[in-house]
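If you read the sequences in order, they're chains A and B.
Residues 2 to 252, numbered by our numbering, are exactly what the first sequence covers, in order.
Residues 233 to 549, numbered by our numbering, are exactly what the second sequence covers, in order.
For each residue, glycine too, the CB sits at the ideal point set by N, CA and C.
Computed from a predicted model, the values in this text were never measured in an experiment.
This report concerns only the one structure given below.
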Amino acid sequence: MEQKALYDYLLLLGDNPTILGQRLGELCGHGPELETDIALTNISLDLFGQVRNYFQYAAEVIGNGATEDSVAMLRHEHEYKNALLVEQPNRDFAYVICRQFLFDIFHQLLLNELMSSKNERISAIAHKSVKEVDYHVDFSSTWMKRLGDGTEESNQRLTEAMGFLWRYSMELFKPTETETLMAEMGVGPDLSELKPIYMERVNTTLQASKLVMPEKTTYQYGGKTGRHTEYMGYILAEFQYMQRAYPNMKW
Amino acid sequence: MENKSINLEKEFQARIDRGENIEAKDWMPEKYRKTHIRQISQHAHSEVVGMLPEGNWISRAPSLRRKVALLAKVQDEAGHGLYLYSAAETLGISRDELVEQLLEGTAKYSSIFNYPTLTWADMGAVGWLVDGAAIINQVMLTKTSYGPYARAMVRICKEESFHQRQGYEIMLALANGTDAQKQMAQDALNRFWWPSLMMFGPRDEDSPNTEQSMKWKIKKKTNDELRQQFVDQTVPQADILGLTIPDPDLKWNDENGGYDFGEIDWDEFWDVVKGNGPCNRKRMEDRNNAWDNGAWVREAALAHARKQAEQKISKTA
């Protein structure tokens with residue numbers, strides 16, 4: 002039972018970087034300038050590196066011949082536990098940056114807590130990942146400020162992206178049963194404690210970006226319990242394509 | 233006055249003949265500068281356009297390990313684009329101007345990227361053959377007379393040879409795999425073999441710039457010599473993979489100590505150069521869209537930088 006919960010928790014930790022990494026990978030070669038192409042590819046690369054660490058561990062936990070790839074790619078859509086935020090499409094660069102920023106701030110807070118996880122393996126992964134994520138926060142926050150402060154158009158585009166994406170932010174802090182259990186066991190943080198710090202940090206960057214906190218919105222939930230948006234099926238169709246079309250082969 | 237310029241040209245050629253590097257601030261003939269701008273920017277554009285056919289498989293890479301390696305590779309290519317644009321900028325042209333030339337279609341990029349990547353095996357074939365052919369050119373360019381270009385090449389070559397090994401390793405995994413994987417590998421070789429040979433450019437007798445380029449040490453070997461070197465190096469590698477090179481005329485020539493090979497389809501070569509390859513239009517559309525859709529982002533970044541600079545000045549004032 003505990004193993005199953007740990008496995009589920011590793012999916013909760015690994016699925017967000019998987020789907021966000023996948024979204025960023027779509028952008029490669031299509032960004033506004035070479036520098037941002039390099040940075041976003043690099044972030045995707047970092048995220049997939051973290052995914053490999055989580056899923057190698059998950060494969061050991063679940064046993065039965067599972068591998069990092071079978072854990073990553075051979076599940077059905079409802080078995081993915083990523084938040085709805087990370088599956089949102091790359092509508093324009095403002096959406097890309099805003100999605101990244103809203104996730105990065107959360108991700109950094111989460112990893113800071115996971116560093117003191119009672120599970121040594123998770124703690125070690127967090128120690129390694131947090132350095133990367135500090136850079137991600139720096140990148141996305143800087144771009145928030147650039148776009149917010151830059152021109153009327155960039156401010157307006159960023160305001161729109163924020164207004165839309167904000168509805169997906171609170172799902173990150175709504176614990177699933179597994180997350181509640183892991184918090185009780187000292188493996189993961191109590192997400193509700195992270196929320197006020199998140200709100201404060203987001204607010205600080207928004208102010209520096211000449212943006213206002215979005216007005217009250219109807220928050221959207223579901224991804225973490227397997228209920229995704231219509232985008233998810235298509236993301237997985239690409240992500241799983243080779244493993245589904247050519248099962249049981251080595252690459 | 234005329235005498236002075238003749239002397240400058242003589243001295244310039246003498247420096248090249250002595251094997252000295254020409255640096256950005258040194259005097260150089262206008263034609264040397266223009267040739268270098270053309271060649272370096274063409275190389276930079278190739279790196280950037282080359283991100284597209286490989287980027288096409290990032291979201292579909294078959295395993296996490298392969299996905300990470302492919303991301304790293306495409307990221308390297310963007311980095312190569314950056315240093316090459318910087319090397320071209322030392323010759324007195326801006327990156328924006330160079331990009332405009334690409335987008336208007338007045339500057340070229342390597343034709344190989346006008347071929348589609350249809351299967352995962354193409355990621356192997358591109359690394360093995362396309363990067364393999366590129367390295368042969370680039371190793372030669374590490375000794376080219378223009379210093380900033382030569383130094384960029386040293387860095388690029390290190391990364392490219394890693395990419396080539398990575399590509400070959402993808403092919404090896406397929407060659408050791410199931411029948412479906414072997415077929416995929418053979419099909420990729422069939423499609424990429426001839427376009428890879430075309431990467432070395434027209435036959436020597438159809439390459440009017442070669443002589444001047446050799447004199448300036450932009451080139452140390454002719455197109456046909458480099459092509460031969462590529463064939464000789466690649467055929468044994470295909471043998472190890474158990475794949476067949478799609479050329480019925482390919483055979484070992486004891487006398488020349490190299491392989492004889494069949495005739496390249498030069499009509500296809502010129503067609504693709506002129507813009508009529510399978511993906512020319514798609515590649516240019518993608519680059520144009522990226523540039524146009526990114527205009528507001530670049531404007532915002534500039535505006536923000538300007539405001540920051542003004543703030544700094546008003547603070548110190």
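- Per DSSP, Asp-492 of chain B is one residue of the beta strand (DSSP E) stretching across 490-492.
- By the neighbour-count criterion, in which a residue is buried when 16 or more other Cβ atoms sit within 10 angstroms of its Cβ, Ala-209 of chain A is exposed.
- Pairing Met-355 of chain B with Gly-282 of chain B, the inter-Cα distance amounts to about 12 Å.
- For chain B, the residues of the segment 27-47 of chain A that bring a beta carbon within less than 7 Å of one of its beta carbons are Glu-27, Cys-29, Gly-30, His-31, Gly-32, Pro-33, Glu-34, Leu-35, Asp-38, Ile-39, Thr-42, Asn-43, Ser-45, Leu-46, in chain order.
- Asn-485 of chain B: member of the beta strand (DSSP E) spanning 483-485, first to last residue.
- Non-local beta-carbon contacts of Lys-452 of chain B in its own chain, meaning distances under 6 Å to residues more than five positions away in sequence, involve Met-372 in chain order.
- Neighbours of Tyr-242 of chain A across chain B, judged by C-beta separation under 7 Å: Arg-292.
- Less than 7 Å separates the beta-carbon of Gly-187 of chain A from that of Lys-119 of chain A.
- When Cβ-Cβ separations below 7 Å define contact, Arg-147 of chain A makes contact with chain B.
- Secondary structure of Tyr-378 of chain B (DSSP, three-state): strand.
- Between the alpha carbons of Tyr-315 of chain B and Thr-322 of chain B lies a gap of roughly 11 Å.
- Taking a Cβ-Cβ cut-off of 9 Å, the neighbours of Glu-239 of chain A in chain B comprise Ser-291, Arg-292, given in sequence order.
- The beta carbon of Phe-244 of chain B is closer than 7 Å to those of Trp-259, Met-260, Pro-261 in its chain, skipping five residues each way along the sequence.
- The C-beta distance from Gly-494 of chain B to Ala-407 of chain B rounds to 23 Å, too long to meet the 8 Å contact threshold.
- Chain order gives the chain A residues near Lys-539 of chain B as Asp-150, where near means a beta carbon separation below 7 Å.
- Counted as a single uninterrupted DSSP element, the alpha helix (DSSP H) harbouring Met-233 of chain A occupies residues 232-240.
- DSSP places Ile-126 of chain A in the helix class (H, G or I) of the three-state scheme.
- Residues of the segment 66-95 of chain A with a C-beta less than 9 Å from any C-beta of chain B: Thr-68, Glu-69, Asp-70, Ala-73, Met-74, Asp-93, Phe-94, Ala-95, listed in chain order.
- Flagged as an interface residue toward chain B: Phe-49 of chain A, by a C-beta distance shorter than 7 Å.
- Under DSSP, Ile-254 of chain B shares a beta bridge with B:Tyr-378.
- Pro-294, Ser-295, Leu-296, Arg-297, Arg-298, Lys-299, Val-300, Leu-303, Ala-304, Val-306, Gln-307: these are the residues of the segment 294-307 of chain B whose beta carbon lies less than 8 Å from some beta carbon of chain A, given in chain order.
- Under the DSSP assignment, Cys-99 of chain A falls in the alpha helix (DSSP H) whose first and last residues are 94-115.
- Within the segment 269-345 of chain B, complete alpha helix (DSSP H) segments of at least 4 residues are found at 296-321, 327-336, given in chain order.
- When secondary structure is reduced to three states using DSSP, Val-504 of chain B falls in the helix class.
- Contact of Trp-167 of chain A with chain B is not assigned, every C-beta pair being separated by 7 Å or more.
- Taking 7 Å as the cut-off, the Cβ atoms of Ser-291 of chain B and Glu-239 of chain A count as close.
- Gln-4 of chain A is classed as exposed because its beta carbon has fewer than 16 other beta carbons within 10 Å across all chains shown.
- Ile-98 of chain A is not a Cβ neighbour of Tyr-199 of chain A, given a cutoff of 7 Å.
- Spanning the alpha carbons of Arg-270 of chain B and Ile-496 of chain B requires a straight line of approximately 25 Å.
- One finds nothing in chain A with a Cβ atom closer than 9 Å to the Cβ of Arg-513 of chain B; even the nearest lies about 16 Å away.
- Taking a beta-carbon distance threshold of 7 Å, Ser-118 of chain A does not count as an interface residue toward chain B.
- For Ile-20 of chain A, the enclosing alpha helix (DSSP H) begins and ends at 3-26.
- Between Pro-33 of chain A and Val-280 of chain B, the CB-CB gap reaches or exceeds 7 Å.
- Between Ile-236 of chain A and Gln-57 of chain A, the C-beta spacing is not below 7 Å.
- Taking 7 Å as the cut-off, the beta carbon of Ser-141 of chain A is found closer than this to the beta carbon of Phe-102 of chain A.
- The distance from the Cβ of Ala-535 of chain B to that of Gly-151 of chain A is about 4 Å, consistent with a contact at the 8 Å cut-off.
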